[in-house]
Amino acid sequence: MTEKACAPSEEITIEAAQWIVRLSAGNAAQQRQAAEEFARWKSESRQHAQAAHELHGVLEQINSLLDTSNGDPVPLCAGLKTAMTQPRLPDRMRRAVATLALICGIGLPLWLTYQAYPADYLLADMRTATGAWAAQTLEDGSRITLGTRSAVNFRFDARHRTVELVKGEILVEVARDRARPFLIQTTDGSIEALGTRFLVRRDDSGTVVSMLESKVSIHAAGQQAQTPVILAAGQRIRLHGDTVGVPEPIDAAALERAWRSHQLVSRQRPLTELLDELNRYRPGRILYDQAQLKGLEMTVVLPLDDTQRALQLLVDCIPGLRVRQFTPYLTYIDLVPTP
């Protein structure tokens with residue numbers, strides 16, 4: 001078996017980071033119990049043991065930065081940025097470095113800016129901060145609304161109207177102009193408006209297009225010569241790399257109402273998915289015990305413009321759910337241990 005095949009997955013690496021949270025939380029008895037469970041977890045597989053070893057090394061580097069920086073955010077952020085951009089650092093470790101930085105209390109503006117807002121975001125023509133929304137009417141009369149942590153660039157000329165979605169999610173309402181096609185571009189492909197209203201979201205797993213009214217024509221990246229996929233109102237599709245998925249039905253009216261009202265509407269959706277979505281609207285990170293929360297599903301409406309209230313609603317709905325905030329930028333969610 002190759003070294004790459006034995007390497008921990010990103011899921012295991014993040015799970016190891018969450019163990020570090022548990023080991024430092026609670027009273028002495030709870031920490032002893034967590035240490036025993038962590039030892040069992042490490043012994044379950046080579047991947048678990050390797051993830052724990054790698055994160056221990058990263059944690060030592062962060063503690064060294066804390067000792068030598070005397071609280072100055074500049075060397076802290078410079079050192080962490082160096083760690084994040086090491087050529088040999090696996091992609092799965094980069095998020096863990098950010099997580100461990102927050103665990104160690106490095107919830108500083110410079111570090112958070114580097115993590116949440118990379119250069120292409122900061123240099124974009126229009127952008128929104130965490131938990132913010134913004135709308136703008138474009139020169140052709142079209143209207144675009146940005147959701148949280150979103151960024152776009154505009155390229156309008158005599159032949160085309162192009163909006164590049166750099167990051168996040170947008171609601172597009174297109175003004176008619178037969179002489180100039182209206183295009184949304186992401187790294188996963190291009191979407192040409194054949195109608196008026198649709199949502200586009202770009203995240204780590206690809207680009208998702210949700211059609212609210214009329215139609216769009218979709219090409220995956222590098223597939224411009226192929227026949228486009230036509231997406232109709234009430235359908236959603238995902239693009240990733242050079243592939244376009246299969247359209248699936250959506251409730252377009254309900255989706256648009258929730259989006260405009262800044263709500264997360266869930267019908268029997270896994271709790272872990274809801275927490276991942278709330279993460280997008282909250283500074284810092286929400287971590288959770290995946291093993292404990294696995295299998296829990298929720299039917300609920302959560303306010304995305306008040307994530308603290310959203311978390312309290314989850315606590316009110318789920319017996320034993322516990323929300324602990326270790327720093328202003330690190331929240332950990334699990335179930336209260338039974339006696």
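According to the UniProt record's numbering, the sequence shown is numbered sequentially starting from 1. Backbone N, C-alpha and C fix where the C-beta goes; we use that ideal spot for every residue, glycine too. The structure presented is a predicted model; accordingly, all values stated were derived computationally and were not measured.
Pairwise C-alpha distance: residue j and residue i
i: R178; j: T307; result: 42 Å
i: H262; j: L55; result: 36 Å
i: I184; j: P249; result: 21 Å
i: T327; j: R32; result: 22 Å
i: G147; j: E169; result: 5 Å
i: Q292; j: D334; result: 7 Å
i: S43; j: F156; result: 58 Å
i: L314; j: W133; result: 24 Å
i: K4; j: E11; result: Interpretation of K4 is limited by its pLDDT of 46, a score under 50 that renders its predicted location unreliable; no figure is taken from the coordinates.
i: A29; j: H53; result: 24 Å
Exposure of residue i, with buried meaning 16 or more beta-carbon neighbours within 10 Å
i: L122; result: exposed
i: A129; result: exposed
i: D251; result: exposed
i: H219; result: buried
i: Q18; result: buried
i: D316; result: exposed
i: S142; result: buried
i: E273; result: exposed
i: V299; result: It should be pointed out that residue 299 corresponds to Thr in this sequence rather than to Val. Per the 10 Å Cβ criterion, exposed.
Proximal residues to residue i (C-beta, below 6 Å), its chain only, five neighbours per side dropped
i: P270; result: E297
i: W41; result: H48
i: Y288; result: L275, I333
Same chain, Cβ closer than 7 Å to residue i, neighbours up to 5 away in sequence not counted
i: A232; result: M211, K215
Beta-carbon spacing of residue i, residue j below 8 Å
i: R180; j: R197; result: no
i: Y329; j: G284; result: yes
i: E37; j: Q290; result: no
i: S190; j: K167; result: no
i: F154; j: D120; result: no
i: R282; j: G131; result: yes
i: E139; j: V152; result: no
Neighbourhood of residue i by C-beta distance below 8 Å, restricted to the same chain and skipping five residues each side
i: I230; result: L194, K215, V216, S217, I218
i: G234; result: M211, P249, I250, D251, A252
i: E213; result: G195, T196, R197, F198, A233, A252
The ligand FMN heavy atom lying under 7 Å from the CB of residue i
i: A129; result: Absence of the ligand FMN from the depicted structure is noted, as is the absence of any ligand whatsoever, leaving it without description.
Exercise. Pairing CB atoms from the stretch 264-280 with CB atoms from the stretch 309-317, are three or more of them under 8 Å?
Worked result: yes
Exercise. Between the stretch 234-246 and the stretch 199-207, are three or more C-beta pairs nearer than 8 Å?
Worked result: yes
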